[in-house]
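Each protein sequence line maps, in turn, to chains U and W. Okay, so the first sequence: first residue is 9 according to my numbering, each after it adds one. Okay, so the second sequence: first residue is 5 according to my numbering, each after it adds one. A virtual CB, placed ideally from N, CA and C, is assigned to each residue, including glycine. Keep in mind that this is a model prediction, so the values were computed, not measured. So the structure is just underneath, and the comments pick up after that.
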Amino acid sequence: GAGVSQSPRYKVAKRGQDVALRCDPISGHVSLFWYQQALGQGPEFLTYFQNEAQLDKSGLPSDRFFAERPEGSVSTLKIQRTQQEDSAVYLCASMRPNTEAFFGQGTRLTVV
Amino acid sequence: KQEVTQIPAALSVPEGENLVLNCSFTDSAIYNLQWFRQDPGKGLTSLLLIQSSQREQTSGRLNASLDKSSGRSTLYIAASQPGDSATYLCAPHSGGGADGLTFGKGTHLIIQP
Chain U
9 GAGVSQSPRY KVAKRGQDVA LRCDPISGHV SLFWYQQALG QGPEFLTYFQ
59 NEAQLDKSGL PSDRFFAERP EGSVSTLKIQ RTQQEDSAVY LCASMRPNTE
109 AFFGQGTRLT VV
Chain W
5 KQEVTQIPAA LSVPEGENLV LNCSFTDSAI YNLQWFRQDP GKGLTSLLLI
55 QSSQREQTSG RLNASLDKSS GRSTLYIAAS QPGDSATYLC APHSGGGADG
105 LTFGKGTHLI IQP
């Protein structure tokens, strides 16, 4: 595709439910980032992949958060046993190393 | 750890004015710096990318400057239009991982018709 695609655009989950958020990066982009953005704040780093290798997951807020990119393209961010504080917009970005980053439209997660 | 500050936090001006948005960052060891705009409920749209070896980058009515050694970048918007209303974010890029792209809280800009 022409850009970074994220799905679903909106997700409402009941507290305690597991969710999976998908990111389709731009073809050929080696680097992939996940960010979490709370209302009125800038994006906060969650995790970083170079191809299929997860090189940094220091931003994941708890062990309920898990990300993978098994074939070095599509990535999935999974949140287990969702809690209200997980409500946010989750953004995915891809790039070639040290070049321009491109973001998807994000997934707005609401935990009720 | 890289920290980014954007000033002002919010700005509301009449249409037609020229604007300057400021970005400062604490770690000058960056590869490049990128400016984005974010419309409500949307993702980030890339506006300009300045490499660390560059001082300036221009795209239409937008001009971004970079003073890497002092940890500062400015985004200049000429002849502002209501369609420029958005949140503007700068992100210094220090490589992969947590310092790959670091964001501040942005400048929320409103251009009054």
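Kindly indicate which three-state DSSP category Gln-58 (chain U) falls into: helix, strand or coil?
The residue you call residue 58 (chain U) lines up with position 50 of the first sequence. Three-state DSSP puts Gln-58 (chain U) in a strand.
Is Glu-93 (chain U) helix, strand or coil by DSSP?
Here residue 93 (chain U) refers to the residue found at position 85 when the first sequence is read from its first residue. Glu-93 (chain U) falls in the helix class under three-state DSSP.
Would you say Tyr-98 (chain U) lies against chain W (beta-carbon separation less than 8 Å)?
Looking up residue 98 (chain U) in the first sequence gives position 90. Answer no: the Cβ-Cβ gap between Tyr-98 (chain U) and chain W never drops below 8 Å.
So what's Pro-86 (chain W) in DSSP terms, helix, strand or just coil?
To locate residue 86 (chain W), count along the second sequence from 1; it is residue 82. Reduced to three states, the DSSP call for Pro-86 (chain W) is helix.
Short CB-CB distance (under 8 Å) between Ser-50 (chain W) and chain U:
Residue 50 (chain W) sits at position 46 when you count from the first residue of the second sequence. Taking Cβ atoms only, chain U reaches closer than 8 Å to Ser-50 (chain W), which makes this a yes.
Measuring only the C-alpha atoms, how far is Leu-68 (chain U) from Arg-104 (chain U)?
Numbered from 1 along the first sequence, position 60 holds the residue referred to as residue 68 (chain U). Numbered from 1 along the first sequence, position 96 holds the residue referred to as residue 104 (chain U). Between Leu-68 (chain U) and Arg-104 (chain U), the C-alpha separation is close to 23 Å.
Can you name the start and end residues of the beta strand (DSSP E) that Asp-71 (chain W) belongs to?
Position 67 of the second sequence, counted from the start, is the residue given in the question as residue 71 (chain W). Run containing Asp-71 (chain W): 66 to 71, per the beta strand (DSSP E) assignment.
What whole-angstrom Cβ distance do Val-12 (chain U) and Ser-81 (chain U) have, given they're in contact under 8 Å?
Along the first sequence, one-based indexing puts residue 12 (chain U) at 4. Along the first sequence, one-based indexing puts residue 81 (chain U) at 73. The pair is not a contact, with the Cβ atoms about 12 Å apart (cut-off 8 Å).
Between Gly-80 (chain U) and chain W, is any beta-carbon pair separated by less than 8 Å?
Taking the first sequence and counting its residues from 1, one reaches residue 80 (chain U) at position 72. Chain W, which has no Cβ nearer than 8 Å to the Cβ of Gly-80 (chain U), makes this no.
Proximal chain U residues relative to Phe-29 (chain W), where beta-carbon distance stays under 9 Å
The residue given as residue 29 (chain W) occupies position 25 in the second sequence. Neighbours of Phe-29 (chain W) on chain U: none; closest Cβ ~12 Å, over 9 Å.
State the Cα-Cα distance for the pair Ala-21 (chain U) and Ser-57 (chain W), rounded to the nearest angstrom.
Taking the first sequence and counting its residues from 1, the one referred to as residue 21 (chain U) is at position 13. Taking the second sequence and counting its residues from 1, the one referred to as residue 57 (chain W) is at position 53. For Ala-21 (chain U) and Ser-57 (chain W), the distance between alpha carbons rounds to 46 Å.
Taking C-beta pairs closer than 9 Å, name the residues in chain W that Ala-109 (chain U) reaches, listed in chain order.
Locating residue 109 (chain U) in the first sequence gives position 101, where the first residue counts as 1. Those are Gln-38, Phe-40, Leu-48, Ser-50, Leu-53, Ala-95, His-97, Gly-104, Leu-105, listed as they occur along chain W.
Sort W:Gln-116, W:Pro-44, W:Leu-52 by Cα distance to Gln-96 (chain W) and report the nearest one.
For this step, residue 96 (chain W) is matched to residue 92 along the second sequence. Rather than Gln, the amino acid found at residue 96 (chain W) in this sequence is Pro. If we check each option's Cα against that of Pro-96 (chain W), W:Leu-52 comes out closest.
Please name the residues in the segment 41 to 73 of chain U whose beta-carbon is closer than 7 Å to at least one beta-carbon of chain W, in chain order.
Phe-41, Gln-49, Gly-50, Pro-51, Phe-53, Tyr-56, Gln-58, Leu-63, Asp-64, Ser-66, Gly-67
Going by C-alpha to C-alpha distance, which of W:Pro-117, W:Ile-115, W:Ser-98 sits closest to Val-4 (chain W)?
Beyond the ends of chain W as shown, which are 5 and 117, falls residue 4 (chain W); an answer cannot be given.
Just how far apart, CA to CA, sit Leu-105 (chain W) and Ser-73 (chain W)?
Looking up residue 105 (chain W) in the second sequence gives position 101. Looking up residue 73 (chain W) in the second sequence gives position 69. C-alpha separation (whole angstroms): 18 Å.
Does the distance from the C-beta atom of Leu-85 (chain U) to that of Leu-29 (chain U) stay below 8 Å?
Translated into positions along the first sequence, residue 85 (chain U) becomes position 77. Translated into positions along the first sequence, residue 29 (chain U) becomes position 21. Contact flag set, yes.
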